[in-house]
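*Asks:*
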Amino acid sequence: MTDPSGTVADRLQSAFEQLTRAERQLADSILENYPVSGLGTITTVAAGAQVSTPTVARMVQKLGYKGFPEFQAALRHELEAKITGPIDKFDTWAEQAPVGHILNRFAEAVNSNIRQTLAQVDTACFDQSCVLLADPARAVYVVGGRITRSLADYFFLHMQVIRPNVTHIQSISNAWPHYLLDIKEGDVVVVFDIRRYENSTLKLAEMARERGAQIVLFTDQWRSPVAKFSEHVFSSRIVVPSAWDSLVAPMVLLETLIAEVQEQSWGETRPRMEALEEMFDRTRFFRKFT
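Residues 1 to 290 in UniProt numbering are what the sequence shown spells out, letter by letter.
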């Protein structure tokens with residue numbers, strides 16, 4: 001159910017999981033330059049999102065509006081309030097840069113990505129994933145792709161400290177099927193896959209699922225095909241004014257998950273961290289200022 005008292009953006013975010021793929025594409029298009037992107041004719045709004053005009057009509061009704069004119073009236077009301085209200089005026093993140101500077105445009109996009117990503121998180125799904133990852137009876141396997149392996153590396157490094165029995169699968173190598181030999185029913189495979197989705201990662205997830213593993217997927221707003229094999233899916237917004245997608249929003253979500261797993265595993269994690277620090281002291285890997 002959407003909140004009739006909320007903004008159009010609130011309604012879009014609340015209804016996002018119930019939208020069809022085309023409607024999600026439309027929602028993302030509107031949110032990308034909100035609220036201006038929704039103020040054209042129904043034909044131009046549809047064309048901007050590369051969807052049909054009936055898709056626009058159906059989605060606005062799902063949001064609780066009687067039709068496209070009422071939907072646009074709500075957007076115009078929000079835009080008017082945003083222009084005239086001093087609190088809502090744009091505050092630049094980099095004070096020495098013009099409003100249109102890349103520093104401000106990029107910061108605004110990243111902050112919007114984080115807000116929308118966290119607003120759409122299913123807290124029950126998040127909590128269940130943390131319980132799975134903190135369970136010492138379950139082995140944890142981590143896999144990323146060409147770009148997302150940086151997230152996989154980061155997650156693996158922390159999980160390796162938090163608990164034992166964590167394995168990093170190198171999906172870009174043709175040796176990844178070897179890892180499947182040790183995956184058993186109930187184990188957890190954490191997959192990172194954003195567009196452009198990788199065939200090897202999809203096949204790995206499919207085969208791991210066949211062996212009874214539970215898949216936790218970190219993906220983008222369009223969702224990787226791996227989602228059909230996943231019990232727990234976290235979708236993050238990744239679009240920024242760049243040729244590259246942004247990993248900031250999924251990183252925020254990932255760090256929050258790591259913090260909660262650490263909290264749940266602290267009885268086992270603390271002695272592991274103490275032992276690790278002792279090893280660092282003996283090896284003198286890190287410089288100490290005393």
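Using N, Cα and C, we set each Cβ at its ideal position, and we do this for glycine too.
Where DSSP assigns a beta bridge to I215, which residues make up the other side?
*Replies:* V189
*Asks:* Suppose you measure from the CA of Q116 to the CA of R237; what does that come to, to the nearest Å?
*Replies:* 7 Å
*Asks:* What's the C-alpha gap between I215 and S265?
*Replies:* About 20 Å.
*Asks:* Is the Cβ-Cβ distance between D220 and I194 less than 9 Å?
*Replies:* yes
*Asks:* Enumerate in chain order the residues of its own chain whose CB-to-CB distance from A134 is below 6 Å, with the five nearest sequence positions on each side excluded.
*Replies:* Taken in chain order, the residues that qualify are V261, Q264, S265.
*Asks:* Relative to the C-alpha of P136, which candidate in L181, A49, M159 has its C-alpha closest?
*Replies:* M159
*Asks:* So, using beta-carbon positions, are K66 and E23 closer together than 9 Å?
*Replies:* no
*Asks:* In the DSSP assignment, what are the bridge partners of F156?
*Replies:* Paired residues: none, contrary to the question.
*Asks:* At 3 residues or longer, what runs of the beta strand (DSSP E) sit wholly inside the segment 100-143?
*Replies:* 140-143
*Asks:* Given a cut-off of 9 Å, decide if V142 and I169 are closer than it, judged by their beta-carbon atoms.
*Replies:* yes
*Asks:* Can you tell which of A15, Y154, E32 has the C-alpha that lies nearest to the C-alpha of L253?
*Replies:* Y154
*Asks:* To which residues of the same chain is A119 closer than 6 Å at the C-beta, ignoring the five residues directly before and after it?
*Replies:* Q13
*Asks:* Going by CA-CA distance only, name the one from R223, V56, L276 that's closest to T43.
*Replies:* V56
*Asks:* Can at least three beta-carbon pairs, one atom from the segment 31-48 and one from the segment 241-251, be found at a separation below 8 Å?
*Replies:* no
*Asks:* Would you grab the beta carbon distance between A227 and D187 for me? Rounded to a whole angstrom, and I think it's under 8 Å.
*Replies:* So it is not a contact: roughly 19 Å between Cβ atoms.
*Asks:* Per DSSP, which residues does D220 bridge with? Please list them.
*Replies:* Per DSSP, S236.
*Asks:* Using three-state DSSP, classify I258 as helix, strand or coil.
*Replies:* helix
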